[in-house]
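Counting in full-length UniProt numbering, the sequence shown runs from 1 upward without gaps. All C-beta atoms, glycine included, are put in the ideal place defined by N, C-alpha and C.
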Amino acid sequence: MAQRSHLQIYPGATWTTDNGQHTQAHGGRIIKVGERYYWHGEDKTEGTDFRNINCYSSNDLVDWHYEGAALTRQEPGGLGPERAV
Numbered sequence: 001m002a003q004r005s006h007l008q009i010y011p012g013a014t015w016t017t018d019n020g021q022h023t024q025a026h027g028g029r030i031i032k033v034g035e036r037y038y039w040h041g042e043d044k045t046e047g048t049d050f051r052n053i054n055c056y057s058s059n060d061l062v063d064w065h066y067e068g069a070a071l072t073r074q075e076p077g078g079l080g081p082e083r084a085v
């Protein structure tokens, strides 16, 4: 990741990842593990239906890398082991 001389965060702006894609982490939370930050939130790419819970990582809270989907949509089914509600 390239060093920036002046890092800025713009609340309400569209944030992009290091591959140019818009971040999708609505209603998310950021945690710090060691020296790295992790941002988990809901993917609303196609509207309001649940798609995924995405995970992003950053060293500086400005430059974000998409790590992948931490939780994905599954086929409908009843409650049981290995099911998320």
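Y66 places its beta carbon less than 8 Å from that of T17. Linking I31 to T23 through their CA atoms gives a straight-line distance of about 16 Å. Exposed is the label assigned to N19, since fewer than 16 other Cβ atoms lie within 10 Å of its Cβ. Non-local beta-carbon contacts of S57 in its own chain, meaning distances under 8 Å to residues more than five positions away in sequence, involve R36, Y37, Y38, W39, W64, H65 and E67 in chain order. Our two residues, D43 and D49, have alpha carbons roughly 9 Å apart in a direct line.
For E42, the enclosing beta strand (DSSP E) covers residues R36 to E42. Under the DSSP assignment, A13 falls outside any beta strand (DSSP E); it carries neither an H nor an E label.
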